[in-house]
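Student: Numbering (UniProt numbering), first residue to last: 1 to 347.
Where is the CB? At the ideal position from N, CA and C, for every residue including glycine.
Just so it is clear, the structure is predicted and the values come from calculations on it, not from any experiment.
My questions all concern the structure below.
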Amino acid sequence: MKFSNTLIYWYLQNNRELPWRKTKNPYFIWLSEIMLQQTRVAQGLSYYLKFTSSFPTVFDLANADESTVLKMWQGLGYYSRARNLHYSAKVIANELNGEFPSTYKEIIKLKGIGDYTASAIASICFNEPAAVVDGNVYRVLSRYYGINTPINSTKGIKEFKILAQSLIDTKQPGTFNQAIMDFGALHCKPQNPLCDSCPLADSCVALEKKLTKELPIKEKKIKIKKRFFNFMVIKTQDNKTIIEERKGKGIWQGLYQFPLIESNKNLNKEDLIATDDFKNLFPDETTISLFNQKEIVHKLSHQHLYTQFWIVETNKHKNATTLWQNIQDFPVPILIANFLEAFDVKK
DNA sequence: TACACGTGGAG
DNA sequence: TCTCCAAGTGT
Numbered sequence: 001m002k003f004s005n006t007l008i009y010w011y012l013q014n015n016r017e018l019p020w021r022k023t024k025n026p027y028f029i030w031l032s033e034i035m036l037q038q039t040r041v042a043q044g045l046s047y048y049l050k051f052t053s054s055f056p057t058v059f060d061l062a063n064a065d066e067s068t069v070l071k072m073w074q075g076l077g078y079y080s081r082a083r084n085l086h087y088s089a090k091v092i093a094n095e096l097n098g099e100f101p102s103t104y105k106e107i108i109k110l111k112g113i114g115d116y117t118a119s120a121i122a123s124i125c126f127n128e129p130a131a132v133v134d135g136n137v138y139r140v141l142s143r144y145y146g147i148n149t150p151i152n153s154t155k156g157i158k159e160f161k162i163l164a165q166s167l168i169d170t171k172q173p174g175t176f177n178q179a180i181m182d183f184g185a186l187h188c189k190p191q192n193p194l195c196d197s198c199p200l201a202d203s204c205v206a207l208e209k210k211l212t213k214e215l216p217i218k219e220k221k222i223k224i225k226k227r228f229f230n231f232m233v234i235k236t237q238d239n240k241t242i243i244e245e246r247k248g249k250g251i252w253q254g255l256y257q258f259p260l261i262e263s264n265k266n267l268n269k270e271d272l273i274a275t276d277d278f279k280n281l282f283p284d285e286t287t288i289s290l291f292n293q294k295e296i297v298h299k300l301s302h303q304h305l306y307t308q309f310w311i312v313e314t315n316k317h318k319n320a321t322t323l324w325q326n327i328q329d330f331p332v333p334i335l336i337a338n339f340l341e342a343f344d345v346k347k
């Protein structure tokens, strides 16, 4: 088939040299695929090197503490990936004798692995003709075939999966999958695709109809919620502070932070001191000062966090049990890590 | 099923 | 500054 052959030919000449392309070890491929979900190669690369060197086998990963895994994941975002990765490593180590499942059907049963990742591992490591459909594949196929079904609709997801599956080179499914993804990432890019030098230009529907900029179609935009965070940075005379784990649902599950007072608007010092949360945290008279005069806006995919860090220097506090110099051992969101760095530098 | 889940780079 | 979005998955 022309489409597949052209892509594979392009790939043989243009593919990137990436560390996970030198192996077919399913454990390493798995690590790379999880890290690269919704993440650019440039951002994930150093984490891949760090993980493979610290955890050379699935047993090493399984035996680590979740907190250690999260600390190593710090800065990559979407932290449920790290928690699920660790969870599944324990399943593989303890229930599957360390042997990675070898078929799409078995691979997709693992937590954190969906259709894309199961297809990627099955095709790359076990030569199973399972087509991957990631953001690149949606873009390449929607443009080349001129498909305007929204890629994030139920209909679109099904339609593109069937199409990709019909196109896969069953003799070399892993190569085909990586070819179409690399082609999307490097050539058929979201913005300014290189149509002038495209090997598929003579048969691309989007190019012919000048629809390249409109495709793929994605429906509905996400809503951004505003939240107002006040972190209480305690520093006692014996150099201790409070740092707490975020539990339950929501952002940054399993990561640590300073005691948080959240409100529905930006608070000044008087407002803050008057809240019940503040009185509960500091029953005695306490002096506080605002560290960042301008509020920090930390942007997440679905939330904007308007953040203030309040410094509390006090003789002692009954719950302040963490030594300052030990803070660096805890996994924290980038928002907190950035503060720590600014605070240390200023100090 | 629609929505939540991080961070950083590009234009 | 703002918008998009990058090798998706869980609930």
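In the DSSP assignment, find the beta strand (DSSP E) that holds W310 and state where it starts and stops.
Tutor: 303-314
Student: Buried or exposed, going by whether 16 or more other CB atoms sit within 10 Å of the CB of A154?
Tutor: Correcting the residue identity first, residue 154 is Thr in this sequence and not Ala. Flag for T154 reads exposed.
Student: Which class does Q257 belong to by DSSP, given the choice of helix, strand or coil?
Tutor: Look at Q257 here: in three-state DSSP terms it is strand.
Student: Please identify the residue among L281, H304, I243, I217 whose C-alpha is closest to the C-alpha of F228.
Tutor: H304
Student: Could you tell me which of I108, E295, G156, N84 sits nearest to L70, measuring between CA atoms?
Tutor: N84
Student: Assign M72 to one of three DSSP states: helix, strand, or coil.
Tutor: helix
Student: Please state whether the Cβ-Cβ distance between L200 and Y144 is less than 8 Å.
Tutor: yes
Student: What is the rounded straight-line gap between the Cα of K218 and the Cα of V312?
Tutor: 47 Å
Student: Mind the definition here: the region 232-244 touches the region 208-215 only if three or more C-beta pairs lie below 8 Å; say whether that holds.
Tutor: no
Student: The beta strand (DSSP E) that contains G236, what's its start and end?
Tutor: It should be pointed out that residue 236 corresponds to Thr in this sequence rather than to Gly. That run of the beta strand (DSSP E) goes 225-236.
Student: Based on the DSSP secondary-structure assignment, which residues constitute the bridge partners of T241?
Tutor: T322
Student: In whole angstroms, give me the CA-to-CA distance for W10 and P26.
Tutor: 25 Å
Student: Between T286, I147, M232, W73, which lies nearest to Q253 when the distance is taken from Cα to Cα?
Tutor: W73
Student: Measure the CB-CB distance between W310 and N230 and report whether it falls below 8 Å.
Tutor: yes
Student: Output needed for M1: all residues of its chain with C-beta closer than 7 Å, excluding positions within five of it in sequence on either side, in chain order.
Tutor: L167
Student: CB-CB under 7 Å to M181, same chain, minus the five flanking residues each way: which ones, in chain order?
Tutor: V132, D134, N136, V137
Student: So what's N31 in DSSP terms, helix, strand or just coil?
Tutor: Per the sequence shown, the amino acid found at residue 31 is Leu instead of Asn. Helix, per DSSP.
Student: Looking at the structure shown, is E262 part of a helix, part of a strand, or coil, going by DSSP?
Tutor: Three-state result, E262: strand.
Student: By a C-beta neighbour count over all protein chains shown, 10 Å radius and 16 as the cutoff for buried, is T170 buried or exposed?
Tutor: exposed
Student: Express the C-alpha separation of L340 and Q308 in angstroms, rounding to a whole number.
Tutor: 13 Å
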